[in-house]
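K.L.:
Okay, handing you the structure first.
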Amino acid sequence: MKQTITEKIFSEHVGEAVFAGQIIESAIDMVIGNDITTPISIKQFELSGAKKLANPDGFAIVMDHYIPTKDILSANQAKISREFAYKHDLKNYFDEKDMGIEHALMPEKGLVVPGDVIIGADSHTCTHGALGAFATGMGSTDLAFAMITGKNWFKVPPTIKVIFRGKPAPHIYGKDLILEVIRLIGVDGARYKALEFCGDALEYLDMDSRFSLCNMAIEAGGKSGIVAVDEITKEFLADKSLRAEPKFHYSDEGANYEQILQIDVSKLDPVIAYPFLPSNGKSVREAVRDDIAVDQVFIGSCTNGRLSDLRIAAQILKGRKVARKTRLIITPATQKIALAAQKEGLWDIFVEAGAVVSNPTCGACLGGYMGILGVGERCVSTTNRNFVGRMGDRTSEVYLANSAVAAASAVAGKIADPRDL
Numbered sequence: 000m001k002q003t004i005t006e007k008i009f010s011e012h013v014g015e016a017v018f019a020g021q022i023i024e025s026a027i028d029m030v031i032g033n034d035i036t037t038p039i040s041i042k043q044f045e046l047s048g049a050k051k052l053a054n055p056d057g058f059a060i061v062m063d064h065y066i067p068t069k070d071i072l073s074a075n076q077a078k079i080s081r082e083f084a085y086k087h088d089l090k091n092y093f094d095e096k097d098m099g100i101e102h103a104l105m106p107e108k109g110l111v112v113p114g115d116v117i118i119g120a121d122s123h124t125c126t127h128g129a130l131g132a133f134a135t136g137m138g139s140t141d142l143a144f145a146m147i148t149g150k151n152w153f154k155v156p157p158t159i160k161v162i163f164r165g166k167p168a169p170h171i172y173g174k175d176l177i178l179e180v181i182r183l184i185g186v187d188g189a190r191y192k193a194l195e196f197c198g199d200a201l202e203y204l205d206m207d208s209r210f211s212l213c214n215m216a217i218e219a220g221g222k223s224g225i226v227a228v229d230e231i232t233k234e235f236l237a238d239k240s241l242r243a244e245p246k247f248h249y250s251d252e253g254a255n256y257e258q259i260l261q262i263d264v265s266k267l268d269p270v271i272a273y274p275f276l277p278s279n280g281k282s283v284r285e286a287v288r289d290d291i292a293v294d295q296v297f298i299g300s301c302t303n304g305r306l307s308d309l310r311i312a313a314q315i316l317k318g319r320k321v322a323r324k325t326r327l328i329i330t331p332a333t334q335k336i337a338l339a340a341q342k343e344g345l346w347d348i349f350v351e352a353g354a355v356v357s358n359p360t361c362g363a364c365l366g367g368y369m370g371i372l373g374v375g376e377r378c379v380s381t382t383n384r385n386f387v388g389r390m391g392d393r394t395s396e397v398y399l400a401n402s403a404v405a406a407a408s409a410v411a412g413k414i415a416d417p418r419d420l
């Protein structure tokens with residue numbers, strides 16, 4: 000029988016052909032935890048009586064949510080992961096000396112390899128599917144099981160094929176494509192399904208845009224998001240010292256798909272998701288007509304904190320100032336990205352415009368710290384969720400957008416179309 004890319008990846012790991020709907024036990028190539036989720040996994044690991052990790056080189060802890068720690072509670076929580084990492088001499092342990100948001104740092108370090116099966120105790124682990132891997136989020140107890148056994152069980156997900164056609168207009172990025180998908184199918188339209196992204200429009204999307212695309216598969220309920228390896232992928236991987244030999248898989252012609260969705264991206268305007276769901280997508284033109292003043296703009300996160308995002312923001316901010324009543328926070332996703340931005344002079348542009356540039360952290364995105372919203376405040380954010388209270392007070396509002404829209408809105412003091420500047 001013909002297979003999808005997801006079915007092929009699982010078949011290789013199981014040792015026999017498997018198809019959507021089957022319950023399987025699969026070897027795991029990489030297990031990822033962070034400072035919030037790993038302490039729970041560590042507790043379960045120790046309660047099990049396990050003395051060592053099943054695959055130490057296939058386990059990573061990335062300290063990214065409350066790092067540097069914001070208070071005593073987060074400091075004590077981080078201490079649990081640190082002590083475990085040192086006790087087990089963990090090779091893939093990343094803290095303040097080499098920090099970054101996990102879903103940007105892992106590919107940067109060559110720890111995500113095409114053909115992998117990856118799980119992480121973070122819902123946006125699906126980001127790594129942009130490199131032709133099966134990647135999904137799981138709970139901390141599932142993570143502990145994989146730490147102990149090197150395996151986990153799955154129901155092989157059915158696949159929705161999303162075909163992007165056409166050439167994107169200026170200021171249309173992966174963020175806009177995935178917001179359009181979510182607008183069309185809803186926040187549960189891909190529940191426990193793999194979203195397979197393909198089509199000629201992908202040749203116009205760099206890896207940063209593809210990471211954004213796969214990152215938000217979960218916001219449609221997706222088990223995973225995946226893009227097959229092509230020349231753009233290979234170019235990204237070329238300078239990486241990969242953890243293992245990559246394995247390229249491609250869906251067969253005639254493979255079984257639960258649904259096929261086609262989108263002409265040439266007709267898209269930048270998309271903004273209104274509160275309080277990522278599915279509340281509207282055209283930036285409509286948002287401009289709504290004349291929505293904003294108190295804060297945030298550019299960063301595992302969705303849009305990569306170097307191309309900072310370059311896009313800098314192009315718009317150069318020679319301009321952030322509006323008087325608006326705050327702008329910019330958070331590079333990794334230290335390497337931050338350093339590259341400094342060398343390119345982007346930090347000077349940001350600071351001169353009136354922005355605050357922070358260290359890599361997930362803090363603002365989850366309403367943890369470094370950009371909390373107050374009563375009734377509005378924020379245009381390049382993050383991935385805009386639920387009630389997501390970034391602060393329950394009465395605050397978050398509008399999801401790409402980096403260009405975010406930067407333009409910071410200058411205008413209200414939601415703005417970057418094409419108008």
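The sequence shown runs 0 to 420 under numbering that gives the first Met the number 0.
By construction, the Cβ of each residue, glycine as well, lies at the ideal position given by its N, Cα and C atoms.
All values derive from a computational prediction rather than experimental measurement.
1) Mind the definition here: the segment 169-177 touches the segment 260-275 only if three or more C-beta pairs lie below 8 Å; say whether that holds.
2) Across which residues does DSSP place Trp152 in a beta bridge pair?
3) Is Val186 near Leu52, with beta carbons less than 7 Å apart?
4) Taking the alpha carbon of Ala189 as the point to measure from, which residue in Arg209, Lys222 and Ser208 has its own alpha carbon closest?
5) Using only alpha-carbon positions, find the residue among Lys166, Glu95, Ser402 and Ala134 that is nearest to Ala193.
6) Would the segment 309-322 and the segment 219-238 be scored as touching if the rule is three or more Cβ pairs under 8 Å?
7) Taking the straight line between their C-alpha atoms, what separation do you get for Thr9 and Gly412?
8) How many whole angstroms separate the CB atoms of Phe196 and Val155, which I take to be in contact at a CB cut-off of 8 Å?
9) For the candidate residues Val13, Thr3 and Lys69, whose alpha-carbon lies nearest to that of Gly362?
10) Can you tell me whether Leu212 is buried or exposed, with buried defined as 16 or more other CB within 10 angstroms of its CB?
11) To the nearest angstrom, how far is it from the Cα of Ser380 to the Cα of Tyr191?
12) Give the straight-line distance between the Cα atoms of Gly119 and Leu142, rounded to the nearest whole angstrom.
13) Quick check on DSSP: helix, strand or coil for Gly388?
14) What residue range does the beta strand (DSSP E) around Cys378 cover?
15) How about Ile147 and Ala77: do their beta carbons lie closer than 7 Å?
16) Relative to the C-alpha of Tyr203, which candidate in Ile217, Thr232 and Asn214 has its C-alpha closest?
17) Any contact between the segment 287-304 and the segment 392-403? By contact I mean 3 or more CB pairs, one from each, below 8 Å.
18) Taking the straight line between their C-alpha atoms, what separation do you get for Trp152 and Gln258?
19) Could you tell me the distance, in whole angstroms, from the CA atom of Val180 to the CA atom of His87?
20) Give the single residue among Lys160, Arg164 and Ala59 whose Cα lies nearest to the Cα of Ile117.
21) Identify, in the order they occur along the chain, each residue of the same chain with its Cβ nearer than 6 Å to the Cβ of Ser250, setting aside the five sequence neighbours on each side.
22) To test your reading of the DSSP string, which unbroken alpha helix (DSSP H) runs of 4 or more residues are found completely within the segment 224-297?
P.N.:
A quick look at the data gives this:
1) With a cut-off of 8 Å on Cβ pairs, the segment 169-177 is in contact with the segment 260-275, counting three or more such pairs.
2) Checking the DSSP bridge columns, you'll see Trp152 partnered with Glu24.
3) No; because the gap between Cβ atoms is not below 7 Å, this pair is not in contact.
4) Selected option, being the one with the closest Cα: Lys222.
5) Looking at the Cα atoms, Ala134 is the closest of the given residues.
6) No: fewer than three Cβ pairs fall under 8 Å.
7) This sequence places Phe at residue 9; Thr is not what is there. Rounded to the nearest whole angstrom, the C-alpha separation of Phe9 and Gly412 is 48 Å.
8) Taking the Cβ atoms as the reference, Phe196 lies roughly 19 Å from Val155, outside the contact range of under 8 Å.
9) Checked all of Val13, Thr3 and Lys69; the closest Cα to Gly362 is Lys69.
10) Flag for Leu212 reads buried.
11) The straight-line gap from Cα to Cα measures roughly 27 Å.
12) So the alpha carbons of these two residues sit roughly 7 Å apart.
13) Looking at Gly388 - three-state DSSP - the assignment turns out to be coil, as it is neither helix nor strand.
14) Counted as a single uninterrupted DSSP element, the beta strand (DSSP E) harbouring Cys378 occupies residues Arg377 to Ser380.
15) Inclusion of Ile147 and Ala77 in the CB contact set at 7 Å is not warranted, their separation being larger than that value.
16) Taking each of Ile217, Thr232 and Asn214 in turn and checking the Cα distance to Tyr203, the smallest one comes out for Thr232.
17) The segment 287-304 vs the segment 392-403: in contact.
18) Approximately 25 Å, taken between the alpha carbons.
19) Going from the Cα of Val180 to the Cα of His87 covers about 42 Å.
20) The shortest C-alpha to C-alpha distance from Ile117 to any of Lys160, Arg164 and Ala59 is the one to Ala59.
21) Hits under 6 Å: Thr3 and Ile4.
22) If we require 4 residues or more, the alpha helix (DSSP H) runs fully inside the segment 224-297 come out as 230-236 and 283-289.
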